[in-house]
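Heads up: the structure comes next, in structure tokens.
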Amino acid sequence: MPKKSGKPEVVGRNIIEKAGVNVDQLIDKLVRGVAAELTTYYYYTILRMHLTGMEGEGLKEIAEDARLEDRMHFELMTPRIYELGGRLPSDIRKFADMAACPDAYLPKNWEDPKSILEVLLKAEQCAIRVWTEVCNLTLGKDPRTYDLAQRIVQEEVEHEAWFLELLYGRPSGHFRRRFPGEGPHSKRFPE
Ligand SMILES: [Fe+2]
Ligand SMILES: [Fe+2]
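If you want this note's numbering, it's the position in the sequence shown, counting the first as 1, plus 1450.
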């Protein structure tokens, strides 16, 4: 079937523009945010791999949950960028350079699992800032983006609390996910 010609009316975009959201600026923030999620997923793969030895073994599962949930955050928010009329860069190199958070490189002294936990903690704290900013930009104006961003924030705050607990013994209320990377807030169809 041939596609319709001309530019369609996009009520889902117009209505939030009318509510006062700068949609192009929002799209840019979302692209940078999902770029941080995907690059973090990549870096966490390396970080988790280096949680070795008797101490590291117990940390693998928690790093894996955070890793898989970050990938889920990428998948959760990316369709929203397209709904709003935005797109991801076609070159992944450009995409990675746009990430809202610094690269979570493997530390030189990775044999000490605490050094890896520090990197994980910093990444989570950056993600909390990014998605809270999106929540603040959209609160009361763009319920769909707000809902998705707040679901991500919920998990980022949990991730921060987990790593704080491991590093400082500060209780987080953590108990294992039902399965790796469950994403209780960010999965597509929450119960
Ligand atoms: Fe995330
Ligand atoms: Fe996270």
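Quick reminder that beta carbons are idealized off the backbone N, C-alpha and C, glycines included.
**Asked** Relative to ligand 3, is the shortest distance from any of its heavy atoms to the C-beta of E1608 smaller than 7 angstroms?
**Response** Looking at this structure, you won't find ligand 3 anywhere; what it does contain is ligand 1 and ligand 2.
**Rounded straight-line distance, which links the Cα of E1568 to that of W1560** = Taken atom to atom, the span from the alpha-carbon of W1560 to that of E1568 is near 10 angstroms.
**Request:** Return the CA-CA distance between G1455 and E1533, expressed in angstroms with no decimal places.
**Result:** The question names Gly, but residue 1455 in the sequence shown is Ser. If you take the alpha carbons of S1455 and E1533, they lie about 18 angstroms apart.
**Counted within 10 angstroms of its Cβ, other Cβ atoms place G1619 as buried (16 or more) or exposed** = exposed
**Asked** Is it the case that the Cβ atoms of L1526 and I1602 are separated by a distance below 8 angstroms?
**Response** yes
**Prompt:** Would you report the Cα separation of L1518 and G1590, rounded to the nearest angstrom?
**Reply:** 30 angstroms
**Request:** Compare the C-alpha of T1495 against each of L1570, D1547 and H1624 and name the closest.
**Result:** It is L1570.
**For M1527, the first and last residue of its enclosing alpha helix (DSSP H)** = G1503 to E1533
**Request:** Examine ligand 2 and report whether any of its heavy atoms sits within less than 7 angstroms of the Cβ of A1577.
**Result:** In this structure, the C-beta of A1577 approaches ligand 2 to less than 7 angstroms from one of its heavy atoms.
**Message:** Please classify S1540 as buried or exposed, where buried requires at least 16 neighbouring CB atoms within 10 angstroms.
**Reply:** exposed
**Prompt:** Secondary structure at V1471, three-state DSSP: helix, strand or coil?
**Reply:** coil
**Item:** Cβ-based burial, P1563 [other Cβ within 10 Å; buried from 16]
**Value:** For P1563, the number of other beta carbons within 10 angstroms of its own is at least 16, and it is reported as buried.
**Residue span of the alpha helix (DSSP H) that contains S1565, given as start and end** = First-last of the alpha helix (DSSP H) with S1565: P1563 to T1588.
**Message:** Classify A1469: buried if its beta carbon has 16 or more other beta carbons within 10 angstroms, exposed otherwise.
**Reply:** exposed
**Request:** Tell me, please, whether the stretch 1570–1582 touches the stretch 1545–1558 by the rule of three or more beta-carbon pairs shorter than 8 angstroms.
**Result:** yes
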